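Trainee:
Residue numbers (my numbering): 2 to 121.
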């Protein structure tokens with residue numbers, strides 16, 4: 002019973018303290034394209050190929066990026082796990098408060114992760 006109460010309190014606190022995406026409604030495409038990671042580690046690149054964006058990472062087989070609206074992007078990824086392939090959806094946008102690219106929950110625009118710009 003105690004474990005259940007602790008889990009419920011933690012879940013409610015995580016939901017209650019989630020921060021929303023801060024946007025001005027523009028795409029900030031120049032800041033979305035580039036190399037990104039978390040705390041200095043290079044994780045992935047977003048590359049502009051013609052008029053389309055592509056999500057590039059070591060284990061990603063296919064990573065086309067589409068626009069959900071003017072400021073929110075969706076990468077539909079096929080990832081090679083070594084044991085097979087998995088599909089993942091990754092939403093991201095430029096946050097004007099943090100002045101960084103952020104990974105957001107596609108449904109409610111809560112920030113999941115703040116990404117650092119890589120040097121490459």
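Virtual Cβ for every residue (Gly too), placed ideally from N, Cα, C. The structure presented is a predicted model; accordingly, all values stated were derived computationally and were not measured.
Taking the beta carbon of residue 105 as the centre, do at least 16 other beta carbons fall within 10 Å, making it buried, or is it exposed?
Mentor: Per the 10 Å Cβ criterion, buried.
Trainee: If you measure between the beta carbons of residue 102 and residue 38, is that distance less than 8 Å?
Mentor: Contact flag unset, no.
Trainee: In three-state DSSP terms, what is residue 108?
Mentor: Residue state, collapsed to three classes: coil.
Trainee: Measure the alpha-carbon distance for residue 107 versus residue 87 and round it to whole angstroms.
Mentor: Rounded to the nearest angstrom, the two C-alpha atoms are 18 Å apart.
Trainee: Taking its Cβ as the centre, do 16 or more other Cβ atoms sit within 10 Å of residue 81, making it buried, or is it exposed?
Mentor: Counting Cβ neighbours within 10 Å, residue 81 comes out exposed, since fewer than 16 surround it.
Trainee: Which of the three DSSP states is assigned to residue 98 in this structure?
Mentor: Coil, per DSSP.
Trainee: Closest to residue 74 by C-alpha separation, out of 54, 85, 84 and 60, would be which residue?
Mentor: Answer by Cα proximity: 54.
Trainee: Consult DSSP for residue 22 and reduce its assignment to one of helix, strand or coil.
Mentor: Note: residue 22 maps to coil in three-state DSSP.
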